[in-house]
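Listed below in structure tokens is the structure:
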């Protein structure tokens, strides 16, 4: 019996094509898995880098804010201490000058009264001695002073 060459060709090629299709599907799946793994690794690396940069920026901002607050508190304490010392020195100098002036005026008035009393007593004694020597009470009366 004669067989059509076209039928033989068709009958032989169908299982081969089916086999090759199955084999190629398996190979393509393997290749695509490899390619997709590579692409996804690249994409995920890019995404994670971006994401981590954002997270690290946020964390570092928080940490730096905390550190700067601590540093600024220390600096401001130092500056304020210096400023307050200067201010208080100025204030205390003014206050003490006023207080000491008042105190010294009072004290000096007392001392001067004592000194003047002593001087006046000495002068009066000297004058009275001199007056007595030159005639006593009659000299005072002669000067128009009634004693």
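Residue numbers (the UniProt record's numbering): 1 to 147. We treat Cβ as the ideally placed atom computed from N, Cα and C, and that holds for glycine.
Simplified DSSP assignment, three categories, for residue i
i, result
"residue 135", "coil"
"residue 144", "coil"
C-alpha distance - residue i paired with residue j, whole-angstrom precision
i, j, result
"residue 38", "residue 20", "26 Å"
"residue 133", "residue 127", "10 Å"
"residue 59", "residue 52", "10 Å"
"residue 55", "residue 73", "27 Å"
"residue 95", "residue 80", "21 Å"
"residue 30", "residue 57", "40 Å"
"residue 141", "residue 98", "51 Å"
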